[in-house]
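S.K.: Per my numbering, residue 206 is the first one in the sequence shown, and the count goes up by one each step.
Beta carbons are placed, not taken as given, at the ideal position from N, Cα and C, and that holds for glycine.
Just so we're clear, the structure is a prediction, and the values are computed from it rather than from any experiment.
This is the structure I have questions about; it appears just below.
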Amino acid sequence: MPTAPEALSPRRAARSGQPDASRFPFADYPVGWFAVALSSDVTRGEIKRMRYFGRELVAYRGESGQVFVTDAYCPHMGAHLAHGGAVEGDCVRCPFHGWKFSGDGQCVEVPYSERVPPKAKLGAWPVLEQNGVIHVFYRRDPAQEPWPLPELDDRDFVLGGTVLWEGLKTHPQEIFENTVDCAHIGPIHDGQAARVNTTRRDGHYLVVTLEFDAPGDVVDMPGTLNHVDMTVEMHGIGCIVVNTHVTTAGVRARQRIFATPIDEDTLDLRGVVAVERQDDPVFTQELADIFYRAYVKDFARDFPIWENKRYLERPVLAKGDGPIGLYRRWAAQFYPDADATSATDEVAARRDAPAFTPLFARLGGLTRRVRQTASWLSNELLERSRAAGDGHGDEQEHEDEQERSEGAGGVGHQPPPAKAPSAAAAAKGASVTSVDEYFNTLEQRFVPAAAKGVDAVFQWELAGAQGRTFHARVQAGSISVHEGAHNDPTVVLAMDGEDYVRVVNGELNGMRVFASGRGKIRGSVSAAMKMRTLFPAA
């Protein structure tokens, strides 16, 4: 009679790659701050129902304006406070028998009894409302003090938009691991030359800097590559602040990402997108709108992967994957009840592997230093050490390089990979000496291959000594250039003629001209961005 297969725990199943009911081996939800709503979601006097961390919760804003989050069910006889309950001052009253609870969970009134039962308490959650987001602190030990969550100075930023993706089938640790997984940027986001430069750990805080070349299509600049520098600040496994600098355009943006568990394998994901304020408020808002649309579109590309993968505690990593082991060792602190091996592939490998393997795997990571300081050690032993550990040597060497980079506070040891030239760089236009020369050679400058799907009228209103107004109609891959103004242009570029000649010749950054207010864009900013590839600069 055949025997049933051995039942595996979620953790063992994750290591072995065998199927299991749970795709994530974590013993509990991670400790820390998690967003449960935006400030605008909870109005004064309203009780909002929510479900997070496997339980029903309610949030309400009291008369004082303070937000409170408590367990949803009345400890008296189990009525749900969001179904008929009422906010009174900074308290909530149960709809079933009228018991009243303060924001800290204490029962302060039983209408038909002089005595309040001492056990009549609601579970109350630590709440922090800042920068337009309402957070709660998840902890299993009530004695654990919440750590500070830094407040952001957002006075110099303009909101592009907020987004809520509900019920994603994944785990917060997977979301944030993407930050250090630079190898996925090419296949998923069409980026190039991605690399992590530095990492810095400070308790519950992890900072990662990285860079890559991003395709311009997502920000309405098809056929171009924009160089992007990112500084990613992780505040536990619930909150990320991403400071983005598009260096080729001189634009800075900030994305905030909040991943909050609904249950063990489902979460809500919130995003808040803003761009740095420019001198021209209309241009700034249009830029914010473009970055918001780009964020929503590009971030969602990861969802099919996240929702269908399982978390492996012992992934087979290769050099170039990014500091995934470093991230997981940092993340392990947010599972205080788990054993020391939880979420740490390196330690798990040491526990399960033969006794000699960790030594050789470690030597694999130390090969470079050994060659420099111990010339007597044979290359044969070094190669053996690199090969040992079932493929973990390369991974450990990469982790060692990241540790050295982190300790030095500088960039990694490898030079940045060569960047692929952008389409804009490949299709350069000729230099010009005047606005008249630009007008007369506009048809020769035009790139038909960049005009696929473009049906628009582009108008130039150039002032000053070289002042001239003209427009070009682009349709079906062809162009016609006309003197004077069009009665309904898609976009208008207005600036000083001499400044525009400098922009065309590459002597002046066009994006900075518009951001500073020296130039104006009227109409579609997206269409204006396409002009970089339609009429390339020198």
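#1: Grouping DSSP H, G and I as helix and E and B as strand, with all else coil, what is Phe676?
#2: For the beta strand (DSSP E) that Ile831 lies in, which residues bound it at each end?
#3: Counting only the same chain and skipping the five closest in sequence on each side, list residues whose C-beta sits under 6 angstroms from that of Ser636.
#4: Please specify which runs of the beta strand (DSSP E), each continuous and at least 3 residues long, are wholly inside the segment 466-514, giving them in chain order.
#5: From Asp693 to His432, what distance separates their C-alpha atoms?
#6: In whole angstroms, what separates the C-alpha of Thr646 from that of Leu373?
#7: Work out the CA separation of Val385 and Val447 for me, nearest whole Å.
#8: Using the Cβ count rule (16 or more neighbours within 10 Å means buried), how would you classify Tyr158?
#9: Can you tell me whether Lys735 is buried or exposed? The criterion is at least 16 other CB atoms within 10 Å of its CB, across all chains shown.
#10: Comparing alpha-carbon positions, which option in Gly443, Val424, Pro528 lies nearest Val451?
#11: Specify the secondary structure class of Phe389 as computed by DSSP and reduced to three states.
#12: Using the DSSP secondary-structure output, state which residues sit across from Phe417 in a beta bridge.
#13: Just to confirm, are Val708 and Val696 a CB contact at a threshold of 8 angstroms?
#14: What first and last residue would you give for the alpha helix (DSSP H) that runs through Val315?
#15: Within the same chain, show all residues whose beta-carbon is closer than 6 angstroms to that of Val321, passing over the 5 residues directly before and after it, in chain order.
#16: In terms of alpha-carbon separation, which member of Ala733, Arg737, Phe417, Pro377 lies closest to Ile467?
#17: Ile442 lies in the alpha helix (DSSP H); which residues open and close that run?
#18: Rank Ala661, Val662, Asp701 by C-alpha distance to the C-alpha of Gly669 and give the top, closest one.
#19: For Gly728, which residues does DSSP report across the bridge?
#20: Could you give the DSSP three-state label for Tyr532: helix, strand or coil?
#21: Taking the CB atoms as reference points, tell me whether Gly408 and Val480 lie closer together than 8 angstroms.
#22: Quick one, which of His676, Val640, Val263 has its alpha-carbon nearest Trp330's?
#23: Could you check if Met282 is buried or exposed, using at least 16 other CB atoms within 10 Å of its CB as the buried criterion?
#24: Report yes if the C-beta distance between Gly310 and Thr275 is below 8 angstroms; otherwise report no.
#25: Excluding sequence positions up to five away, which residues of its chain have a Cβ less than 6 angstroms from the Cβ of Phe740?
#26: Of all Cβ atoms in chain D, is any one closer than 8 angstroms to the Cβ of Gly441?
#27: Roughly how many whole angstroms lie between the Cα atoms of Asn383 and Trp238?
#28: Is the beta carbon of Phe417 sitting closer than 8 angstroms to the one on Gly441?
#29: So what does DSSP say about Glu600, is it helix, strand or coil?
#30: What separation, rounded to the nearest whole angstrom, lies between the Cα atoms of Val241 and Pro420?
#31: Suppose you measure from the CA of His691 to the CA of Ala656; what does that come to, to the nearest Å?
#32: Quick check: Ala661 and Val679, are their CB atoms within less than 8 angstroms of each other?
#33: Take Cys279 and list the residues in its own chain whose beta-carbon comes closer than 7 angstroms to its own, dropping the five residues that flank it on each side.
M.R.: Result, derived from the coordinates:
#1: As a working mapping, residue 676 is identified with position 471 in the sequence shown. The question names Phe, but residue 676 is His in the sequence shown. His676: strand per DSSP, three-state reduction.
#2: In the structure displayed, the chain extends from 206 to 743; residue 831 sits before or after that span and is not available.
#3: What you label residue 636 is simply residue 431 of the sequence shown in a count that begins at 1. Asn710, Ala743, listed in sequence order.
#4: 471-481
#5: In the sequence shown, residue 693 corresponds to position 488, counting from 1. In the sequence shown, residue 432 corresponds to position 227, counting from 1. So the two alpha carbons sit approximately 34 angstroms from each other.
#6: Residue 646 sits at position 441 when you count from the first residue of the sequence shown. Residue 373 sits at position 168 when you count from the first residue of the sequence shown. For Thr646 and Leu373, the distance between alpha carbons rounds to 52 angstroms.
#7: Translated into positions along the sequence shown, residue 447 becomes position 242. Translated into positions along the sequence shown, residue 385 becomes position 180. Going from the Cα of Val447 to the Cα of Val385 covers about 13 angstroms.
#8: With the chain covering 206 to 743 only, the question about residue 158 has no answer from this structure.
#9: One-based indexing of the sequence shown puts residue 735 at position 530. Buried, because 16 or more other Cβ atoms sit within 10 Å of the Cβ of Lys735.
#10: One-based indexing of the sequence shown puts residue 451 at position 246. Ranking Gly443, Val424, Pro528 by Cα distance to Val451 puts Val424 first.
#11: What you label residue 389 is simply residue 184 of the sequence shown in a count that begins at 1. At residue 389 the sequence reads His, which differs from the Phe that was named. Here His389 sits in helix by DSSP.
#12: On the sequence shown, residue 417 is found 212 positions in, with the first residue counted as 1. Bridge partners of Phe417: Val433.
#13: In the sequence shown, counting from the first residue as 1, residue 708 sits at position 503. In the sequence shown, counting from the first residue as 1, residue 696 sits at position 491. No, Cβ-Cβ distance for Val708 and Val696 is not below 8 angstroms.
#14: The residue labelled residue 315 in the question sits at position 110 within the sequence shown. Here Val315 belongs to no alpha helix (DSSP H), and DSSP marks it neither H nor E.
#15: Counting from 1 along the sequence shown, the entry for residue 321 is found at position 116. Cys312, Val315.
#16: Counting from 1 along the sequence shown, the entry for residue 467 is found at position 262. Ile467 has its Cα closest to that of Pro377, out of Ala733, Arg737, Phe417, Pro377.
#17: As a position in the sequence shown, residue 442 is number 237, starting the count at 1. It is not in any alpha helix (DSSP H) - Ile442 carries neither H nor E in the DSSP assignment.
#18: In the sequence shown, the residue the question calls residue 669 occupies position 464. Checking every option, the nearest Cα to that of Gly669 belongs to Asp701.
#19: Your numbering for residue 728 matches position 523 in the sequence shown. In the DSSP output, where bridge partners are listed per residue, Gly728 has Val696.
#20: Reading the sequence shown from its first residue, position 327 is the one you call residue 532. DSSP places Tyr532 in helix when its eight states are reduced to three.
#21: In the sequence shown, counting from the first residue as 1, residue 408 sits at position 203. In the sequence shown, counting from the first residue as 1, residue 480 sits at position 275. No, they are not a contact pair.
#22: Counted from its first residue, the sequence shown places residue 330 at position 125. The shortest Cα separation from Trp330 among His676, Val640, Val263 belongs to Val263.
#23: Position 77 of the sequence shown, counted from the first residue, corresponds to residue 282. Its Cβ having fewer than 16 others within 10 Å, Met282 is exposed.
#24: Start at 1 with the first residue of the sequence shown, and residue 310 comes out as number 105. Start at 1 with the first residue of the sequence shown, and residue 275 comes out as number 70. A contact, by the Cβ cut-off of 8 angstroms.
#25: Here residue 740 is taken as the residue at index 535 of the sequence shown, counted from 1. Cβ neighbours of Phe740 beyond the five flanking positions: Arg650.
#26: Absent from the structure is chain D; it holds one protein chain and no more.
#27: Within the sequence shown, the letter at position 178 stands for residue 383. Within the sequence shown, the letter at position 33 stands for residue 238. Cα to Cα, the separation comes out at about 19 angstroms.
#28: Counting from 1 along the sequence shown, the entry for residue 417 is found at position 212. Counting from 1 along the sequence shown, the entry for residue 441 is found at position 236. Their beta carbons are not under 8 angstroms apart, which means Phe417 does not touch Gly441 by this criterion.
#29: Taking the first residue of the sequence shown as 1, we reach residue 600 at position 395. Per-residue confidence for Glu600 stands at a pLDDT of 46, beneath the threshold of 50, marking its modelled position as unreliable; no derived number is given.
#30: If you number the sequence shown from 1, residue 241 lands on position 36. If you number the sequence shown from 1, residue 420 lands on position 215. Answer to the nearest angstrom: the Cα atoms are 33 angstroms apart.
#31: Taking the first residue of the sequence shown as 1, we reach residue 691 at position 486. Taking the first residue of the sequence shown as 1, we reach residue 656 at position 451. Distance between the alpha carbons of His691 and Ala656: 20 angstroms.
#32: Position 456 of the sequence shown, counting from 1, holds the residue named residue 661. Position 474 of the sequence shown, counting from 1, holds the residue named residue 679. Taking 8 angstroms as the Cβ cut-off, Ala661 and Val679 qualify as a contacting pair.
#33: Against the sequence shown, residue 279 aligns to sequence position 74. So the list reads Leu286, Cys299, Phe301, Trp304, once near-sequence residues are dropped.
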